[in-house]
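Working notes, structure below.
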Amino acid sequence: MTASHTYVTTTIPYVNARPHLGFALELVQADVLARFRRARGDRVRFQTGTDDNSLKNVLAAEAAGVPIQEFVDRNAEAFVALREPLALAVDDVIRTSRDPRHRAGVERLWRACADAGDLYRKHYEGLYCVGCEQFYTPAELTGGRCPEHGVEPQRVAEENWFFRLSRYADRLHDLVSSGRLRIEPAERRNEVLGFIAGGLEDLSISRSTARARGWGIPVPGDPGQVVYVWWDALGNYVTALDYGTGGESYGRWWIGAGRRVHLVGKGVLRFHAVYWPAMLLSAAQPLPTDIVVHDYLTADGRKISKSGGVTADPVALAGEYGTDAVRWWLLREVPRVGDADFTVERLVARANDELANGLGNLVNRVVTMVHRYRDGHVPLIETGTDAGTGAPGGEGLEAACRRAPDLVRSALDDFEFRRASAPVWAVVDEANRYVDHVRPWELARAERDGVPGAAARLDAVLAGLVRACGTLADQLAPFLPGTAARIAEQCTAGDGGLPEPRPVFQRITAPEPGSVP
281 MTASHTYVTT
291 TIPYVNARPH
301 LGFALELVQA
311 DVLARFRRAR
321 GDRVRFQTGT
331 DDNSLKNVLA
341 AEAAGVPIQE
351 FVDRNAEAFV
361 ALREPLALAV
371 DDVIRTSRDP
381 RHRAGVERLW
391 RACADAGDLY
401 RKHYEGLYCV
411 GCEQFYTPAE
421 LTGGRCPEHG
431 VEPQRVAEEN
441 WFFRLSRYAD
451 RLHDLVSSGR
461 LRIEPAERRN
471 EVLGFIAGGL
481 EDLSISRSTA
491 RARGWGIPVP
501 GDPGQVVYVW
511 WDALGNYVTA
521 LDYGTGGESY
531 GRWWIGAGRR
541 VHLVGKGVLR
551 FHAVYWPAML
561 LSAAQPLPTD
571 IVVHDYLTAD
581 GRKISKSGGV
591 TADPVALAGE
601 YGTDAVRWWL
611 LREVPRVGDA
621 DFTVERLVAR
631 ANDELANGLG
641 NLVNRVVTMV
651 HRYRDGHVPL
661 IETGTDAGTG
671 APGGEGLEAA
681 CRRAPDLVRS
691 ALDDFEFRRA
701 SAPVWAVVDE
711 ANRYVDHVRP
721 WELARAERDG
731 VPGAAARLDA
741 VLAGLVRACG
751 TLADQLAPFL
761 PGTAARIAEQ
771 CTAGDGGLPE
781 PRPVFQRITA
791 PEPGSVP
């Protein structure tokens with residue numbers, strides 16, 4: 281059977297400030313998908329990057345008194361460096377101001393849309409939010425302010441290039457409503473359909489070189505204009521595949537991929553679910569297959585964002601509390617729809633309750649009992665033997681282990697990360713419940729007292745518990761690669777049996793109330 285190709289991408293963030301936990305959410309979700317599909321046998325490319333060619337970046341550099349390229353390079357490096365503290369299995373990172381693949385691809389995409397008759401110049405005047413890098417109509421504002429950033433937009437008047445977005449309204453509506461362009465969750469799909477039904481106006485896709493401070497990719501054949509940052513940035517999904525030069529990667533990972541999955545935040549939905557597919561339709565290129573939308577993280581009810589000044593540093597959090605504590609909070613706490621409010625106290629409580637007390641305690645108890653009662657050697661019990669043979673109550677654990685792989689797969693195929701963690705945690709709960717019910721230490725005492733059948737019952741219990749821990753290691757690997765590896769190491773026998781028990785996840789100290797790194 282030929283392995284399927286899956287292309288998983290995140291958005292590329294502006295680098296006007298250092299990364300925050302909201303973008304870490306997207307990275308971790310993408311990483312889980314990539315790791316899961318690799319384990320299933322798919323060939324996977326996981327890509328992220330940075331959006332360097334933004335007026336926001338220019339203004340932030342000016343405010344800092346730092347040359348723009350130096351400023352962008354410094355902040356972009358902080359985003360690239362998220363790989364280690366978040367344990368990301370990233371295959372490629374594209375930087376739009378530095379990567380030679382990018383400009384060539386943006387220029388080719390521009391010319392393809394021009395050749396389709398979809399680009400034209402006209403004078404334009406409108407309300408522009410620099411924070412969003414987007415024009416708004418008065419009806420889209422909230423009390424005259426940008427709904428995303430809460431600031432009054434600037435009135436801008438200039439002559440720009442426009443894209444005939446209106447030409448693609450019917451085709452986009454058909455693609456989204458039919459599910460050929462899949463948008464999850466359904467609430468976001470309906471939002472896109474409503475936006476399209478409200479009427480699509482042609483889109484301004486360039487800025488004057490003067491207003492852009494000379495920063496950005498020049499419009500092909502018109503050096504007085506630079507390519508609008510969103511047109512520029514959206515192209516990264518194909519430019520990193522050598523679309524500009526017709527490279528082999530584009531054929532393999534875009535044209536030939538079975539799934540082309542974009543993970544995005546709800547604030548940039550229209551760009552990815554309307555503008556970007558329309559650009560690809562114009563250029564006669566395949567569309568993404570899936571657009572997976574997450575809501576926001578908040579802190580004290582306010583959106584975590586660089587522009588808003590509400591932040592939580594994922595690198596500091598991982599350094600203080602551990603990579604898997606951060607990943608677990610993001611995967612277990614954030615709902616499919618609706619914002620999630622972050623506090624360090626919640627992160628610590630979740631990690632201590634589930635990873636230390638629930639999972640870590642279970643693995644430590646099991647390995648300790650195998651050493652105490654069987655000198656570290658896992659009893660040889662025929663695979664498939666009920667963990668509870670001779671000791672009622674093991675059926676629930678066996679069922680939880682048996683169901684977990686299919687339930688995780690089903691949830692991740694639907695891009696439901698919190699739901700995907702639930703069957704894994706059911707194994708932990710059932711295993712701890714089983715230990716408390718069957719009380720192996722009492723079976724060991726009965727064995728020493730010569731009670732008939734006690735030794736066989738204890739063998740079955742210990743073997744079943746080790747198998748359950750092995751299931752946890754397998755199923756947790758996409759979610760918590762570090763913790764899963766430690767469980768696998770603890771529960772894999774060598775010549776001398778299992779390794780001596782060591783904590784797979786230690787309790788962490790709660791911070792002072794209200795602390796946010």
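Take 281 as the starting number for the sequence shown in the working numbering and just add one per residue.
Backbone N, C-alpha and C fix where the C-beta goes; we use that ideal spot for every residue, glycine too.
As the structure is a computational prediction, the values presented were derived from the model and not from experiment.
In chain order, what residues of the same chain lie with their CB nearer than 8 angstroms to the CB of residue i, ignoring the 5 residues before and after it?
i: T665; result: In this predicted model, T665 has a pLDDT of only 46, less than 50, meaning its place in the structure is not dependable enough to derive any value.
i: L407; result: F415, Y416, T417, P418, L421, P433, Q434, R435, V436
i: G668; result: Here the model assigns G668 a pLDDT of 41, short of 50, so the residue's position is not dependable, and the following value carries that caveat. Cβ neighbours of G668 beyond the five flanking positions: G674, E675, L677, E678, Y714, V718, A740, V741, G744.
i: I292; result: T328, G329, T330, D331, I374, T376, A513, N516
Do residue j and residue i come within 7 angstroms of each other at the CB atom, strictly closer than that value?
i: L483; j: W441; result: no
i: D604; j: G762; result: yes
i: Y287; j: S334; result: no
i: E727; j: L738; result: yes
i: A691; j: R682; result: no
i: R381; j: T519; result: yes
i: D570; j: V541; result: yes
i: F695; j: E464; result: yes
i: Q755; j: A711; result: no
i: S446; j: L480; result: yes
i: P299; j: A343; result: no
i: A579; j: F622; result: yes
How many whole angstroms separate the CB atoms of residue i and residue j, which I take to be in contact at a CB cut-off of 8 angstroms?
i: W608; j: L635; result: 6 angstroms
i: P594; j: L301; result: 5 angstroms
i: Q770; j: V643; result: 6 angstroms
i: D322; j: S284; result: 5 angstroms
i: T680; j: V707; result: Sequence inspection shows Ala at residue 680; the Thr mentioned does not correspond to that position. That belief holds up - the Cβ atoms of A680 and V707 are roughly 5 angstroms apart, short of 8 angstroms.
i: V509; j: D331; result: 7 angstroms
i: I476; j: A449; result: 6 angstroms
What are the start and end residues of the beta strand (DSSP E) that includes residue i?
i: A437; result: 434-443
i: Y416; result: 414-416
i: I535; result: Note, I535: premise wrong, no beta strand (DSSP E); not H, not E.
If you drop the 5 nearest sequence neighbours on each side, which residues of the same chain put their C-beta closer than 7 angstroms to that of residue i?
i: A757; result: R315, A319, A764
i: L305; result: H574, L577, L610, V614
i: I497; result: N333, R383, V386, V506, V507, D512
i: S488; result: E438, G504, Q505
i: R766; result: V784
Per DSSP, which residues does residue i bridge with? Please list them.
i: Q505; result: S488
i: E357; result: In DSSP, E357 forms no bridge with anything.
i: P498; result: V506
i: E769; result: None, per the DSSP bridge assignment.
i: G329; result: I374
i: T578; result: K583, D621
i: R323; result: H285
i: D570; result: R462, V541
i: Y523; result: The partner list for Y523 (beta bridge, DSSP) is empty, contrary to what the question assumes.
Which same chain residues end up closer than 6 angstroms to residue i when comparing Cβ atoms and leaving out the 5 residues on each side of it in sequence?
i: P781; result: N644, V647, T648
i: A340; result: N296
i: H552; result: H542, V544, I571
i: A396; result: S562
i: V228; result: Not covered by the structure: residue 228. The range shown for the chain is 281 to 797.
Return the first residue and the last residue of the alpha helix (DSSP H) that residue i is part of.
i: A684; result: 675-693
i: K402; result: Taken as a continuous stretch (DSSP letters only), K402 belongs to no alpha helix (DSSP H), being part of the beta strand (DSSP E) at 399-409.
i: G750; result: 734-756
i: R713; result: 697-718
i: E261; result: This structure leaves residue 261 out entirely; the chain is present only between 281 and 797.
i: D395; result: 380-395
i: D604; result: 603-613
i: N637; result: First-last for N637: undefined, no H or E at that position.
i: T789; result: Run containing T789: none; DSSP gives neither H nor E here.
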